[in-house]
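Input: a single structure, listed below in structure tokens.
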Amino acid sequence: MIEAENLSFSYRTGEEDAVPALRGVDLRLGSGEFVALIGHNGSGKSTLVKLLVAVLHPTGGGLRVEGVPVRPGNELEVRRRVAVVFQNPDDQLIMNRVADDVAFGPENLGLEREEISRRVGFALRALGLEGMGERLVEELSPGEKQRVAIAGALAMRPRFLILDEPTSLLPAPVGRRLILTLRELNRREGMGVIHVTHSMSEAALFERVVVLDGGRVLMDGTPAEVFRRSGELRGAGLDVPLAVELADRLRGRGVPLRGDILDGPSLGEALAGLRGSRAEAGGP
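Going by UniProt numbering, the final residue of the sequence shown carries number 284, and the count climbs one at a time with no gaps.
Structure representation (structure tokens):
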């Protein structure tokens, strides 16, 4: 469990000046959850990620990761429980061979060679990278590099995996496949996944969506619950998915669409159901 209680953080710009980045955040994230953390630039997303991996420490309130307080001296214990993958895999991949890069984290934990080998094999299989251990990192596609970076984090066997906009440099279909892979890992391993993004279309793929705005939690709920508050989302500088916007317009014109509409397929199903209902009633 990640527990933030009245969590605040301010960046110091001088001896007395402080710029608040997070203000009174209360948040509980379970180790088996599949969560999208969204917000416009400057909303506090990146600051929260840095706090979660103990790169920064709270300037107010409290933050615990699996019971370990995030404070000076506890960095290693926090990072045993939380792993992070950043936007650009080239900033995170440091070894020449794929297997060596995935092994880098476990080696720094001082694990036995046999355990390291097990973890590397597990991580490569989990990300669909079997048989690629001897490949040179520089020869990989951007999507393959991102999967290797995630495999390196997974080899640490964290309770939480945090991904800071990992799909922003990838084509949309590749990014979607990556998210579906993460969903499978979440279900199979019971590992909490926190996906940081500004893409509402990506957020629709998650079970829970947390919206930050101005350093505070603006919304917290299922994608359907969050997307219903489209006016507030736009006020926070975020766009709702096109399918959600179209459904809102249709409902505003009296079209009785049923169910939660999050994306194109769910909108198509709702429209098909509407046509079926009219056909049964003998309507046009």
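Glycine included, every Cβ here is placed at the ideal spot set by N, Cα and C.
So the candidates are the options; which of them puts its Cα closest to the Cα of residue i?
i, options, result
"Gly-62", "Leu-129, Phe-227, Arg-28", "Arg-28"
"Asn-74", "Val-35, Asn-88, Val-55", "Val-55"
"Val-137", "Asp-100, Lys-45, Arg-118, Val-70", "Asp-100"
"Ser-266", "Gly-131, Ala-224, Asn-108", "Ala-224"
"Arg-79", "Gly-175, Asn-108, Pro-20", "Asn-108"
"Leu-111", "Val-98, Glu-139, Val-82, Arg-157", "Arg-157"
"Met-132", "Phe-104, Pro-173, Val-102, Val-98", "Val-98"
"Met-65", "Lys-50, Val-82, Pro-58", "According to the sequence as given, residue 65 is Val; it is not Met. It is Val-82 whose Cα lies nearest to the Cα of Val-65."
Quick check on DSSP: helix, strand or coil for residue i?
i, result
"Ser-46", "helix"
"Ala-155", "coil"
"Ala-99", "helix"
"Tyr-11", "strand"
"Thr-181", "helix"
"Met-200", "helix"
"Ala-54", "coil"
"Ala-83", "strand"
"Ile-150", "helix"
"Ala-236", "coil"
"Ile-194", "strand"
"Asn-6", "strand"
"Leu-169", "coil"
"Gly-268", "helix"
"Ala-279", "Bear in mind that a pLDDT of 48 at Ala-279, under 50, signals an unreliable position, so the model cannot answer this."
"Ile-38", "strand"
"Pro-20", "strand"
Please go through the same chain and pick out, in chain order, the residues whose beta-carbon is closer than 7 Å to the beta-carbon of residue i, but skip the five residues on each side of it.
i, result
"Ala-149", "Val-85, Pro-89, Gln-92, Leu-93"
"Val-19", "Ser-10, Tyr-11, Thr-13"
"Ala-21", "Phe-9, Ser-10, Tyr-11, Gly-44, Thr-47, Gly-215"
"Asp-248", "Ser-230"
"Gly-268", "none"
"Glu-130", "Leu-124"
Below 8 Å CB to CB, which residues in the same chain sit around residue i once its five sequence neighbours on both sides are set aside?
i, result
"Leu-170", "Pro-142, Gly-143, Gln-146, Leu-178"
"Leu-127", "Arg-147, Val-148, Ile-150, Ala-151, Leu-154, Thr-181"
"Leu-163", "Val-84, Val-85, Ile-150, Leu-182, Val-193, Ile-194, His-195, Val-196"
"Glu-77", "Val-68"
"Pro-256", "Leu-274"
"Arg-251", "Leu-257"
Assuming residue i and residue j form a contact by the criterion Cβ under 8 Å, report the distance between their Cβ atoms to the nearest whole angstrom.
i, j, result
"Asn-6", "Gly-60", "7 Å"
"Ala-243", "Asp-260", "Going by Cβ atoms, the distance from Ala-243 to Asp-260 rounds to 11 Å, so no, they are not a contact pair."
"Ala-272", "Arg-258", "About 11 Å separates the two Cβ atoms, so there is no contact after all."
In its own chain, which residues sit with a C-beta less than 6 Å from the C-beta of residue i, not counting the 5 before and 5 after it?
i, result
"Gly-254", "none"
"Asp-220", "Val-210"
"Leu-205", "Ile-179"
"Asn-186", "Phe-34, Val-193"
"Ala-103", "Ile-116, Val-120"
With a cut-off of 8 Å, do at least 3 Cβ pairs link the segment 212 to 224 to the segment 18 to 25? Output reads yes: the segment 18 to 25 touches the segment 212 to 224.
Counting beta carbon pairs with one atom in the segment 31 to 39 and one in the segment 182 to 202, are three or more of them shorter than 8 Å? These segments touch.
Under 8 Å, with one C-beta from each stretch per pair, do the segment 225 to 245 and the segment 40 to 54 reach the 3-pair mark? The answer is yes - the segment 40 to 54 touches the segment 225 to 245, with three or more Cβ pairs under 8 Å.
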